[in-house]
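Note that the working numbering numbers the sequence shown so that position 160 is 167, with each residue one more than the last. The structure under discussion appears below in the form of C-alpha cells.
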Amino acid sequence: MKRFGRFAGIALVLVVAALTARSCFSHDLIVRLSDRKEISFKQMMGDLRKVAVIYVGEVHDNPDHHVLQLRIIRGLHRAGVPLAIGMEMFTAGSQQELDRWVAGQTGTAAFQRIYRREWNLPWSLYGDILLFARDKRIPLIGLNVPRDITRKVGREGFASLTEDERRKLPPNITCDVDESYMAMIHRSYSSHGLSANTFRNFCEAQMLWNKSMAYHMVEYLRKNPGRTVVVITGGGHAIRGGMPVQVDRERPGLSSRVVLPDPVVRNGRIKAEEADYLWLSH
Numbered sequence: 008m009k010r011f012g013r014f015a016g017i018a019l020v021l022v023v024a025a026l027t028a029r030s031c032f033s034h035d036l037i038v039r040l041s042d043r044k045e046i047s048f049k050q051m052m053g054d055l056r057k058v059a060v061i062y063v064g065e066v067h068d069n070p071d072h073h074v075l076q077l078r079i080i081r082g083l084h085r086a087g088v089p090l091a092i093g094m095e096m097f098t099a100g101s102q103q104e105l106d107r108w109v110a111g112q113t114g115t116a117a118f119q120r121i122y123r124r125e126w127n128l129p130w131s132l133y134g135d136i137l138l139f140a141r142d143k144r145i146p147l148i149g150l151n152v153p154r155d156i157t158r159k160v161g162r163e164g165f166a167s168l169t170e171d172e173r174r175k176l177p178p179n180i181t182c183d184v185d186e187s188y189m190a191m192i193h194r195s196y197s198s199h200g201l202s203a204n205t206f207r208n209f210c211e212a213q214m215l216w217n218k219s220m221a222y223h224m225v226e227y228l229r230k231n232p233g234r235t236v237v238v239i240t241g242g243g244h245a246i247r248g249g250m251p252v253q254v255d256r257e258r259p260g261l262s263s264r265v266v267l268p269d270p271v272v273r274n275g276r277i278k279a280e281e282a283d284y285l286w287l288s289h
C-alpha cells in the first residue's frame, strides 16, 4: 500500500561499494541477504524456482518495480514452473472477472474498466503483467478486501464491523506484530499526520490487509497445490513481518522467498530475517 512507501534498505557502505564495483558493466545489483553477497539475476532465479511462494514487493507507482516483477514471472514461466499471480490490486470478490480475463473471455477495454474500479493507479504500470498472464493463461488471484471495509477498520477498528461485513474475513484481527514491523507501522502512521488515539485502528487495518491476503492465497494453494504463486504487493506487505508471517501461521512450512526492489535505507539496513533478496537498478 502507498502508506508504507519506500521503506526498506541496506547499509549505505555496502550499496556504494557494490555499485562502484559494477558501474562499468551491469544493470542489476542483487544482494542475497543471508550472506550479504552480490549475486546475478540468474542465480536468484535458480533459487526462486524451488519455492512455493515468491513475494515481490513494490512502490506502487515505480515502473521499474513492475518491470522486475514481470522479469521474474517471465523467467519462471520460461523455466516451466506452473504459476499463479496473486495481486493486492484486486479484491477476492473480483475473482470470477479475473478468471474470465485469463480465459480470454473479456476484452482489454472491458477489463481495464474492471481494473480501474479495483485500483486507482494507471493501467500502464500493471498492464504488461496482466496481458502476459492472459496470453500465457497464468491464473490471477484477487487477494484484497474491499476498500470501504479497510477504511472503516482504519477509522473505527475491527470491532466496528457488522457480522455481515466480517463474514468473509479472517476472525479476530488484532495488532499482533513483532517489534520491527510495529516500528514500521508507527513510521507510516506518523507520516499521515493522524492523531495518536487512532493508532490501534490504523494497525488493525494493516493486519486486515495482511491476514486477508494471506488467507486468500493459502486457500488458492489448498485447491491448486502444484502452483507456485508470485505475490505482487506493496513493500510493507511483502516484508516478512507483513503478509509472509501471516501465511506461515495459516500454512506452516510453506517455502517462500521475499524480493524487495530498489530499497530505501531504513535505519541503515534491512535484516536477513525480513527479506531474502534486494534488487537495485542502476
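All residues carry an ideal CB built from backbone N, CA and C; glycine is no exception. All figures in this text were calculated on a predicted structure; none of them were measured in a lab.
- According to the DSSP secondary-structure assignment, Lys44 is paired through a beta bridge with Arg39.
- DSSP, read as helix, strand or coil, puts Val237 in strand.
- Annotation for Gly149: the continuous beta strand (DSSP E) segment containing it runs Leu147 to Asn151.
- The three-state secondary structure of Gly64, taken from DSSP, is strand.
- Here Leu75 really is in contact with Trp286; their C-beta atoms are around 6 Å apart, less than 8 Å.
- Sorting Thr205, Asn69, Thr113 and Lys57 by C-alpha distance to the C-alpha of Gly87 places Lys57 at the top.
- Unbroken beta strand (DSSP E) stretches of 3 residues or longer found wholly inside the region 73-114: 90-98, given in chain order.
- At the C-beta level, Val225 and Val252 stay beyond 8 Å of one another.
- Note that the C-beta distance between Trp216 and His193 is not below 8 Å.
- Under the 8 Å Cβ criterion, the region 179-193 counts as touching the region 206-215, having at least three qualifying pairs.
- Closest by C-alpha distance to Asp68, out of Ser187, Ile145 and Ser131, is Ser131.
- Between Val236 and Gly93, the gap from beta carbon to beta carbon is short of 8 Å.
- Secondary structure at Leu285: strand, using DSSP grouped into helix, strand and coil.
- For Pro251, the enclosing alpha helix (DSSP H) stretches over residues Met250 to Glu257.
- The DSSP-derived three-state label of Val265 is strand.
- Look at Thr157 here: in three-state DSSP terms it is helix.
- Within the same chain, Arg207, Asn208 and Glu211 come within 8 Å of Gly164 by CB-CB distance, once the 5 residues on both sides are set aside.
- Measuring C-alpha to C-alpha distances from Val109 to each of Asp269, Met51, Pro146 and Leu55 identifies Pro146 as the nearest.
- Assigned with DSSP and collapsed to three states, Lys230 falls in helix.
- Taking all protein chains shown into account, Pro268 has 16 or more neighbouring C-beta atoms within 10 Å of its C-beta and is therefore buried.
- C-alpha of Glu125 to C-alpha of Val63: approximately 20 Å in a straight line.
- Contact between Gly149 and Thr98 holds: CB atoms are separated by about 5 Å, below the 8 Å threshold.
- By the neighbour-count criterion, in which 16 or more other beta carbons inside 10 Å mark a residue as buried, Arg256 falls on the exposed side.
- With 16 or more other Cβ atoms inside 10 Å of its own Cβ, Ala140 counts as buried.
- Only residues of its own chain outside the window of five on either side were considered, and among them Leu77 have a CB closer than 6 Å to the CB of Asp135, listed in chain order.
- Where Phe165 is concerned, there is no enclosing alpha helix (DSSP H), because DSSP gives it neither an H nor an E.
- Closest in C-alpha terms to Ser219, from the list Tyr188, Ser41, Asn127 and Gly100, comes Gly100.
- A direct Cα-Cα distance of roughly 7 Å separates Tyr188 from Gly249.
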